[in-house]
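Peer 1:
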Ligand code: DAT
Ligand code: MG
């Protein structure tokens, strides 16, 4: 059964530097995902050590953290039916050169770690990551007139 989920997205420093913030957000809007959280975040070494704990042993871990602190990142919380999986599909594989054409990473990027976006990879990770970056009062519940098409029965 499809369920309404929230998922966490970060637009990385390469998206900001390359003036792609609007383009990436536009793609999520076009899909019908609802923006329920949106802000600039200055990531710290501590936050990144927690966020990328699964990569702590990798040789590229220090440079990955440095990269993520080059500029503020944009934090987004996106809501929709099965939004965790939907967003991962739109974002594409980690290495943009292997990503399917039509995904954001394939269409707009060429390299790691500068693959433009972080997106939660499971409902459990999404719940943890939304809490990691957003306070309760930074999340918004509101109705859009298009909800009837993109949520629930779809009619
Ligand atoms: P994803 O971002 O697709 O969830 P991940 O969680 O495995 O991928 O890795 C997090 C980020 O770390 C990824 O977006 C880019 C960077 N990264 C992963 N593998 C890398 C590598 N071999 N060299 C450099 N950076 C890498
Ligand atoms: Mg990941």
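In the numbering used here, the protein residues as written are 289 to 443.
Beta carbons: idealized from backbone N, C-alpha and C, even for Gly.
1. Kindly indicate which three-state DSSP category residue 363 falls into: helix, strand or coil?
2. Please confirm whether residue 372 and residue 300 have their CB atoms less than 7 Å apart.
3. Can residue 375 and residue 364 be called in contact, C-beta distance under 7 Å?
4. Just checking residue 395 against ligand 2 - is the residue's beta carbon closer than 6 Å to any of the ligand's heavy atoms?
5. Looking at the secondary structure, which residues open and close the alpha helix (DSSP H) in which residue 312 lies?
6. Between the alpha carbons of residue 399 and residue 419, how many angstroms are there, rounded?
7. Within its chain, find whatever has a CB closer than 8 Å to the CB of residue 411; leave out the 5 residues flanking it on each side and keep chain order.
8. Could you spell out where the beta strand (DSSP E) holding residue 400 opens and where it closes?
Peer 2: So, from the data block:
1. Residue 363: strand per DSSP, three-state reduction.
2. no
3. no
4. no
5. 309-319
6. 29 Å
7. 293 and 372
8. Note, residue 400: premise wrong, no beta strand (DSSP E); not H, not E.
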